[in-house]
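Here's the structure we're looking at; comments come further down.
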Amino acid sequence: MNIHEHQAKQLLARYGVSVPKGKVAYTPAEAESAFTELGTAVCAVKSQIHAGGRGKGKVYDPKDKTKLIMEGGVKLAKSAAEAKDYATKLLNNVLVTKQTGPGGRVVQRVYIESGSKIARELYLSIVIDRTVGLPLIMASTEGGMDIEEVAASHPEKILRVHFDPRDGLYGHQARQIAFFLGLSGDAFKSGVKFLTAMAKAFADLDCSLAEINPLVVTQEGQVIALDAKINFDDNALYRHKDVEELRDLNEEDPNEVEAKKYDLSYIALDGDIGCLVNGAGLAMATMDVIQLYGRQPANFLDVGGGATKEKVTAAFKIILNDPKVKAILVNIFGGIMKCDIIADGVIAAVREVNLKVPLVVRLEGTNVDLGKKKLAESGLPIQSANTLSEAAKKVVAAVK
């Protein structure tokens, strides 16, 4: 689960992570008032969407995607009137960045943040290193850049430090990172405190990613988070109801939101062949074979081991909500779930959704013969296949 920058900073501040003062605004008038309330000479007006690269993005009219309204989704305002003007240009318009894709995202809120006197820009992130099963801190002196660029061009400028979430970041580790970043004096003390607080927040909140880019050193010698991005482990959200309440469904794919209601694992992709599979590994293999035969999958969809008729019907509806889908491939291995039950679900779903695109079904496993018999006797235009390769060939041919 992702959250907005202003929400991430609010959470981090609870742990003692230094962040600039700011206020969220949903209207230009609120942005104007926020500037006045913050009482600083300069404020940043920041679009709030779940994507990076906002500063270099472009703002377009949602009714005419060719009409450029403004360059940049982050602007510096020197007056309340200017803050209001920038907010007017951002709110309810489409911001396109390198991470949103050409469709962009509609900006529905902005964050008005006090300006900072920046002396240096650094980089800091914490991720889960699955090779060792521990959180990994990555720190770099190259703030403001993508860490992938730094890793490719200047790997020596990245320090990697693991820590045990049960113990937190040890003092000597925090000092090691601070020394690497070239901090000294008040900035060194501030940096050690910042790093320790970040590590605790990451562990306590069950984060999968916490990125501060840039992490800045102010002219006053304070280390603060000028930006903040946090992702959470969905499987741990039951422990953090307050965090789950921060979810902004407007920033998520409607089909993915609907899939979660039925405990379906769904991810939209760019192809035109819808996939309905049980098991993540089998789903990945199905997608690979579709590509092997010359087409692209429209989605990843795992109905799980206990797929009911209701879940299968919901899965069909979600797949068909994608206008790009020209055919559907169902690939089921009946272990826990019997093939005849899956066949019942497929038949019911096809009738309920009034399917108008080609459908290829491959069943294997428990009660497979009974399942195939039910499909054959349904009177519906369902093509059966005995192997995954055969199924992929048939669905690709149907699209072509």
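Position one of the sequence shown corresponds to residue -6 (the working numbering), numbered consecutively onward. Idealized CB from N, CA, C, for every residue including glycine. The structure presented is a predicted model; accordingly, all values stated were derived computationally and were not measured.
Fill in: Other residues of its chain near Lys367: CB distance less than 7 Å, five sequence neighbours each side excluded
Asp333, Ala336, Asp337 and Ile340
Item to complete: Could you check if Ile329 is buried or exposed, using at least 16 other CB atoms within 10 Å of its CB as the buried criterion?
Response: exposed
Item to complete: Measure how close the beta-carbons of Val323 and Ala291 come, nearest whole angstrom, since I'm counting them as under 8 Å.
Response: Between Ala291 and Val323 the Cβ distance is about 13 Å, and since that is not below 8 Å, they are no contact.
Fill in: Residue from His(-3), Gly46 and Lys71 with nearest C-alpha to Gly32
Lys71
Worksheet item: On the three-state DSSP scale, how would you describe Ala112?
Response: strand
Practice prompt. Measure the beta-carbon distance from Leu230 to Tyr259 and round it to whole angstroms, keeping in mind my assumption that it falls under 8 Å.
Written response: Going by Cβ atoms, the distance from Leu230 to Tyr259 rounds to 18 Å, so no, they are not a contact pair.
Worksheet item: What is the DSSP secondary structure of Lys71, counted as helix, strand or coil?
Response: coil
Practice prompt. Leaving out five residues on either side along the sequence, give the residues of the same chain with a beta carbon under 7 Å from the beta carbon of Glu345.
Written response: Thr306
Practice prompt. Please determine if the segment 347 to 358 and the segment 377 to 384 are in contact, where contact requires at least 3 C-beta pairs separated by less than 8 Å.
Written response: yes
Practice prompt. Look up Gly274 in the DSSP assignment and say whether it is helix, strand or coil.
Written response: helix
Worksheet item: Can you tell me whether DSSP reads Leu219 as helix, strand or coil?
Response: coil
Practice prompt. Determine the direct distance from the alpha carbon of Ala37 to that of Gly264, and round the result to whole angstroms.
Written response: 39 Å
Item to complete: Rank Leu239, Gln41 and Leu129 by C-alpha distance to the C-alpha of Phe156 and give the top, closest one.
Response: Leu129
Worksheet item: Alpha carbon to alpha carbon, what distance is there between Gly137 and Ser40?
Response: 17 Å
Worksheet item: If we count the other Cβ atoms within 10 Å of its Cβ and call it buried at 16 or more, is Gly97 buried or exposed?
Response: buried
Worksheet item: Shortest alpha-carbon distance to Val210 belongs to which of Ser133, Ile140, Lys150 and Ala180?
Response: Ala180
Fill in: Residues bridged to Thr211 [DSSP beta-bridge criterion]
Ile111
Worksheet item: Leu88 and Gly50 look like a contact to me (Cβ under 8 Å); what is the Cβ gap, rounded to whole Å?
Response: 5 Å
Item to complete: Please report the Cβ distance between Val143 and Glu135, rounded to the nearest whole angstrom; I am assuming they are in contact, meaning their Cβ atoms lie under 8 Å.
Response: 5 Å
Worksheet item: Does DSSP put Glu106 in a helix, a strand or coil?
Response: strand
Worksheet item: Could you give the uninterrupted runs of the alpha helix (DSSP H) lying entirely in the segment 317 to 346, keeping only those of 4 residues or more?
Response: 332 to 346
Worksheet item: Is Leu269 near Ala308, with beta carbons less than 8 Å apart?
Response: yes
Discussion item. Using the Cβ count rule (16 or more neighbours within 10 Å means buried), how would you classify Ser146?
Written reply: exposed
Worksheet entry | For Leu208 and Phe187, the rounded distance between their alpha carbons | 10 Å
Discussion item. Would the segment 183 to 203 count as touching the segment 211 to 225 if we require 3 or more Cβ pairs under 8 Å?
Written reply: yes
Fill in: Neighbourhood of Lys2 by C-beta distance below 6 Å, restricted to the same chain and skipping five residues each side
Val12 and Ala221
Worksheet item: According to DSSP, is Gln376 helix, strand or coil?
Response: strand
Discussion item. Quick check: Lys387 and Asn360, are their CB atoms within less than 8 Å of each other?
Written reply: no
Discussion item. Taking a contact to mean a Cβ-Cβ separation below 8 Å, would you say Val35 touches Gly108 in this structure?
Written reply: yes
Item to complete: Could you give the DSSP three-state label for Tyr53: helix, strand or coil?
Response: strand
Worksheet item: On the three-state DSSP scale, how would you describe Glu370?
Response: coil
Discussion item. Among Ala192, Gln215 and Asn271, whose alpha-carbon lies nearest the alpha-carbon of Leu4?
Written reply: Ala192
Worksheet item: Between Lys254 and Pro247, what straight-line distance do the alpha-carbon atoms span, to the nearest angstrom?
Response: 11 Å
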